[in-house]
């Protein structure tokens with residue numbers, strides 16, 4: 436006698452949609468929120484984001500829904516995070532097609548001190564640009580990237596080496612600014628080569644430049660603007 440099997444059961448579509456809706460609200464509150472409105476956005480719930488990522492690994496339908504949300508806004512705050520994300524990109528290059536906003540935010544230990552040198556990934560990129568270059572190269576011809584934010588969260592008194600002054604990285608950053616149709620750009624407390632600043636698109640919908648120092652062959656110019 437042939438063995439009788441129970442029919443395979445599937446969750447009703449409305450239950451699946453309700454589950455995804457909960458994850459959207461708790462794990463991705465900044466999804467489709469513009470750069471200028473991010474400060475008013477509620478923080479994500481870490482447990483919900485972790486669960487959403489795990490769901491994306493076991494279900495194709497969940498993955499299609501969740502991956503664009505998981506990687507819509509990528510925030511990098513340390514060298515370890517940069518190295519880890521670039522490694523992920525190399526093994527999963529399709530992730531770059533989901534990135535709408537890239538935030539490079541170098542955190543300081545407190546309001547008065549700059550970060551430890553070994554974790555100052557923006558400055559260290561002038562000595563070893565490989566991973567930051569790989570990140571920018573993956574987005575150089577992106578059709579989805581719309582927002583770029585590069586910030587130090589404090590204004591250390593010590594002079595800081597100009598960001599992106601290393602020749603290879605400088606050229607890649609310029610290609611990125613010329614090749615990607617950015618809508619929003621935010622810069623804070625960094626030094627940039629003049630040739631990079633000159634390529635900032637004039638068609639931006641939102642531009643915030645605070646405490647940026649511009650390096651040129653003739654002079655160093657302080658630019659202090661408000662949002």
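Numbering (our numbering), first residue to last: 436 to 662. Idealized CB from N, CA, C, for every residue including glycine.
With distances taken between CA atoms, residue 597 lies nearest to 562 out of 562, 536, 451 and 450.
In the assembly as shown, residue 615 is a buried residue. Its beta-carbon has 16 or more other beta-carbons within 10 Å. The beta carbon of residue 621 sits closer than 7 Å to those of 470, 584, 586 and 643, all from its chain and outside the five residues before and after it, given in chain order.
Between residue 617 and the set 639, 630, 603 and 600, the nearest pair of CA atoms involves 639. Residues of the same chain with a CB within less than 6 Å of the CB of residue 498, apart from the 5 flanking positions on each side, are 491 in chain order. At a Cβ-Cβ threshold of 9 Å, residue 571 and residue 604 count as neighbours. Spanning the alpha carbons of residue 609 and residue 501 requires a straight line of approximately 32 Å. Cβ contact annotation for residue 569 (same chain, cutoff 8 Å, sequence separation greater than five): 521, 524 and 525, in chain order.
Cβ contact annotation for residue 538 (same chain, cutoff 6 Å, sequence separation greater than five): 510 and 584, in chain order. Beta bridge pairing from DSSP links residue 587 with 541.
Using a Cβ distance threshold of 9 Å, residue 534 and residue 515 do not count as a contacting pair. Sequence-distant Cβ neighbours of residue 477 in its own chain, meaning closer than 8 Å and more than five residues away, are 464.
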